[in-house]
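First to last, the protein sequences are chains A and B.
With the first letter of the first sequence counted as 1, position 51 gets the number 50 in numbering that gives the first Met the number 0; the numbers rise by one all the way through.
With the first letter of the second sequence counted as 1, position 97 gets the number 96 in numbering that gives the first Met the number 0; the numbers rise by one all the way through.
So the structure is just underneath, and the comments pick up after that.
Number of protein chains: 2
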Amino acid sequence: MSRKEDARTPAAVEELSITETGIGGSALYRLRHFTGPPGTLSPVEFPREIPFIPRRYFLIYDVPANAIRGEHAHRQCHQFLVCVRGSCCVSIDDALNKHEIVLERPDLGLYVPPMIWGAQYNYSKDAMLLVLASTHYDPTEYVQSYDEFRSLMQR
Amino acid sequence: MSRKEDARTPAAVEELSITETGIGGSALYRLRHFTGPPGTLSPVEFPREIPFIPRRYFLIYDVPANAIRGEHAHRQCHQFLVCVRGSCCVSIDDALNKHEIVLERPDLGLYVPPMIWGAQYNYSKDAMLLVLASTHYDPTEYVQSYDEFRSLMQR
Chain A
0 MSRKEDARTP AAVEELSITE TGIGGSALYR LRHFTGPPGT LSPVEFPREI PFIPRRYFLI
60 YDVPANAIRG EHAHRQCHQF LVCVRGSCCV SIDDALNKHE IVLERPDLGL YVPPMIWGAQ
120 YNYSKDAMLL VLASTHYDPT EYVQSYDEFR SLMQR
Chain B
0 MSRKEDARTP AAVEELSITE TGIGGSALYR LRHFTGPPGT LSPVEFPREI PFIPRRYFLI
60 YDVPANAIRG EHAHRQCHQF LVCVRGSCCV SIDDALNKHE IVLERPDLGL YVPPMIWGAQ
120 YNYSKDAMLL VLASTHYDPT EYVQSYDEFR SLMQR
């Protein structure tokens, strides 16, 4: 049995599939995964699969079940969200339509381009959200008010 | 209470600390983390904290306890390893010295530059390893034989 993660012959391969959500260019990615000895590997390549190059990542965890995170839009930052353990809900809103997505597996990712209003909630007790972002942290890049977001989108 | 992950005032902040392992430029990163309402956030920025820009990430999980993964070196690829749940052991070897590290928390990362022989083992049942990599997958970029690695390092 091969023990190399990339040189091995996996027992099962799932190919990447991308489903547009209909909200401002955002899309749900069912990621490639290779299941076979030993274990499962789920890879993503930037920018040929996800349309940006990460300059930052962050992990969010130990979030109380009743908490809401996010509630902002980004002027420039592209993000890719994966719930690597447990589950959480993500809402995305382009000021005309709103969509809710449950992230509940490590091979399911949500691509969120700039100027989408997003929130995350219903974190399970063990949930951990991995976010890859195209920019360094810059507080001036956030739109923190929904009224401002809506007026920017109406221009 | 603020519910914004970046605009909030955290209850506790841990700053980044970097400890060289002594093996070929590799280093252990105790990542920044912000603990406070609601939840914990642990961010990393590339290349100003970790000295490369990711072009790929992969998650490894469901690894049997007796399995050994890795057992190769990369000619060009830089990697950053974080065990986001559970724990695993990582060995790093520069052909002169070998070091073993236990990754067991989501704010602890191991930076591995090219030409380090690495292996991962003793995965806990729930372990999930996040690997950020500076290159796309390229099988020709791997050194798969320890003898070849040692002779390359002796040049």
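Where a beta carbon is used, it is the ideal one built from N, C-alpha and C, also for glycine.
- A residue is called buried once 16 or more other Cβ atoms fall within 10 Å of its Cβ, and Ser-16(B), having fewer, is exposed.
- DSSP places Thr-139(B) in the helix class (H, G or I) of the three-state scheme.
- The alpha-carbon of Gly-117(B) is positioned some 6 Å away from that of Asp-92(B).
- In chain order, Gly-38, Thr-39 make up the part of chain A whose C-beta sits under 7 Å from the C-beta of Asp-61(B).
- Partner residues in the beta bridge of Gln-78(B), as assigned by DSSP, are Val-111(B), Ala-132(B).
- For Glu-147(A), the enclosing alpha helix (DSSP H) has its first and last residue at 145-153.
- By the C-beta criterion, the stretch 127-134 of chain A is judged to be in contact with the stretch 42-56 of chain A, since at least 3 inter-stretch pairs fall below 8 Å.
- For Ile-52(B), the residues of chain A that pass the 8 Å Cβ criterion are Ile-52, Pro-53, Arg-54, in the order they occur in the chain.
- In this structure, the straight-line span from the alpha carbon of Leu-107(A) to that of Arg-31(A) is close to 9 Å.
- In this model, Leu-151(A) and Gln-143(A) are separated by some 12 Å (Cα to Cα).
- Here DSSP, grouped into helix, strand and coil, assigns Gly-24(A) to coil.
- Less than 8 Å divides the Cβ of Glu-99(B) from the Cβ of Ser-90(B).
- Residues of chain A with a Cβ closer than 7 Å to the Cβ of Phe-148(B) do not exist; the shortest Cβ-Cβ separation is about 14 Å.
- At least 8 Å separates the beta-carbon of Val-43(B) from that of Val-83(A).
- Here DSSP, grouped into helix, strand and coil, assigns Gly-117(A) to strand.
- Distance check between Leu-109(A) and each of Arg-149(A), Pro-9(A), Asp-125(A), Ile-22(A) places Ile-22(A) closest, using alpha-carbon atoms only.
- Considering only Pro-9(A), Glu-14(A), Thr-20(A), Ala-11(A), the residue with the shortest C-alpha distance to Lys-97(A) is Thr-20(A).
- Within chain A, the residues Arg-55, Tyr-56, Phe-57 have their CB atoms less than 8 Å from the CB of Val-43(B), given in chain order.
- Per the C-alpha coordinates, the member of Val-12(A), Arg-55(A), Arg-29(A) positioned closest to Asp-137(A) is Arg-55(A).
- Among the residues of chain B, those whose CB is under 8 Å from the CB of Val-83(A) are Leu-58, Val-83, Arg-84, Met-127, Leu-129, following chain order.
- Distance from the Cα of Ala-94(B) is smallest, within the candidate group Ser-123(B), Gln-119(B), Tyr-122(B), His-71(B), for His-71(B).
- Residues of chain B whose Cβ lies closer than 7 Å to the Cβ of His-135(A) are, in chain order, Glu-44.
- In its chain, beyond the 5 residues on either side, Leu-30, Arg-31, His-32, Pro-105, Asp-106 have a beta carbon closer than 7 Å to the beta carbon of Ser-41(B).
- Counting only Cβ-Cβ distances below 7 Å, Pro-9(B) has no contacts in chain A at all, with the closest Cβ about 12 Å away.
- In the assembly as shown, Val-62(B) is a buried residue. Its beta-carbon has 16 or more other beta-carbons within 10 Å.
- For Arg-47(A), there are no CB contacts under 7 Å within the same chain when 5 residues up- and downstream are skipped.
- Using a Cβ distance threshold of 8 Å, Lys-124(A) and Ala-64(A) count as a contacting pair.
- Per DSSP, Asp-92(B) is one residue of the beta strand (DSSP E) stretching across 87-92.
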